[in-house]
Amino acid sequence: MRRHLLLATALMATLTAVPAMSYAQSRRDPEADQRKQQEEAAKKRKQREEWGDNQAPLQALRNAGPCPFVKSLYDAARYVEFKEGREASANVAWSGEVQGISAGCQYKDDQPIQVTMEVLFEMGKGPQAEGRTKTYRYWVAVTDRNREVLAKQIFEIPVTFPEGEDRVYVTENIGNITIPRASIATSGSNFEVLVGFDVTPQMAAFNREGKRFRLNVGQASNTPNP
Numbered sequence: 000m001r002r003h004l005l006l007a008t009a010l011m012a013t014l015t016a017v018p019a020m021s022y023a024q025s026r027r028d029p030e031a032d033q034r035k036q037q038e039e040a041a042k043k044r045k046q047r048e049e050w051g052d053n054q055a056p057l058q059a060l061r062n063a064g065p066c067p068f069v070k071s072l073y074d075a076a077r078y079v080e081f082k083e084g085r086e087a088s089a090n091v092a093w094s095g096e097v098q099g100i101s102a103g104c105q106y107k108d109d110q111p112i113q114v115t116m117e118v119l120f121e122m123g124k125g126p127q128a129e130g131r132t133k134t135y136r137y138w139v140a141v142t143d144r145n146r147e148v149l150a151k152q153i154f155e156i157p158v159t160f161p162e163g164e165d166r167v168y169v170t171e172n173i174g175n176i177t178i179p180r181a182s183i184a185t186s187g188s189n190f191e192v193l194v195g196f197d198v199t200p201q202m203a204a205f206n207r208e209g210k211r212f213r214l215n216v217g218q219a220s221n222t223p224n225p
């Protein structure tokens, strides 16, 4: 399913305070360096306009730097719902897991970072599940790397399990993740894009402790896999 995540407005006020790492490490006048880089960026834009290639598609652009780190949050990468909260394979109702993430980004000069993602989910139906339909919730967040959440949005995935099937794969395509940059020297490596299920504190603790059950739980063993 294709999703659109519009984060530019929420991020703009916060990211103006993000320092450029190259400036923090430089002994030269940071304001003079910034003016020089801005002048060079303006000169490049003028050249592109004169040559008529300013309408080039996003995919053809070369990045000004590395992309943001994109990954699932370990505590929320799996969803395991137990009947009455008792941790046993025979008590599992619904489960889910982030199986894979692919992502790409584009930015140049002083433009915002544009990120697109594709997330593969595997959903499971356990022995205590009632019915064949479950709506899962997951979130996508942009963080100022290792510091704070800048923006977060929650999505829903309604899943119907075919008769006799206990697992379903769902691919979510997420576009329009726009990350404004404080200056031309702010690269994508300053940010992370995280994905995770909307889990309870008990589910997060279960994941954190590394406990696991197979998606077809309850059919062979009541012992969790390490």
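Quick note: the sequence shown, position 81, residue 80 per numbering that gives the first Met the number 0, numbers continuous. Note that CB positions come from ideal geometry on N, CA and C, so glycine has one too.
Check, Outcome
"Segments assigned alpha helix (DSSP H), at least 4 residues, entirely inside the stretch 70–103", "none"
"Minimum length 3: unbroken beta strand (DSSP E) runs contained in the stretch 161–186", "166–178"
"In DSSP terms, what M122 is bridged to", "G95 and V167"
"Given 8 Å, three or more beta-carbon pairs between the stretch 190–204 and the stretch 133–141", "yes"
"Extent of the continuous alpha helix (DSSP H) run through P67", "From DSSP, P67 is part of no alpha helix (DSSP H); its letter is neither H nor E."
"8 Å Cβ cutoff met for N206 and A75", "yes"
"Residue interval of the alpha helix (DSSP H) (run including P157)", "Element bounds for P157: not the alpha helix (DSSP H) but the beta strand (DSSP E), E147 to T159."
"Per-residue DSSP class, three states only, for R207", "helix"
"As assigned by DSSP and simplified to three states, the class of Q110", "coil"
"Cβ neighbour criterion (16 or more within 10 Å) applied to M20", "Confidence at M20 is low in this model, with a pLDDT of 30, below 50, so the placement of that residue should be treated as unreliable; the coordinate-derived value is given next. M20 should be labelled exposed."
"Of the residues V118, T185, A92 and V198, the one placed nearest I100, counting alpha carbons only", "V118"
"Contacting residues, own chain, Cβ-Cβ under 6 Å from S188 (five flanking each side not counted)", "P65"
"Inter-residue spacing [alpha-carbon to alpha-carbon] between G209 and M202", "11 Å"
"Where I156 falls, given that 16 or more other Cβ within 10 Å makes a residue buried", "buried"
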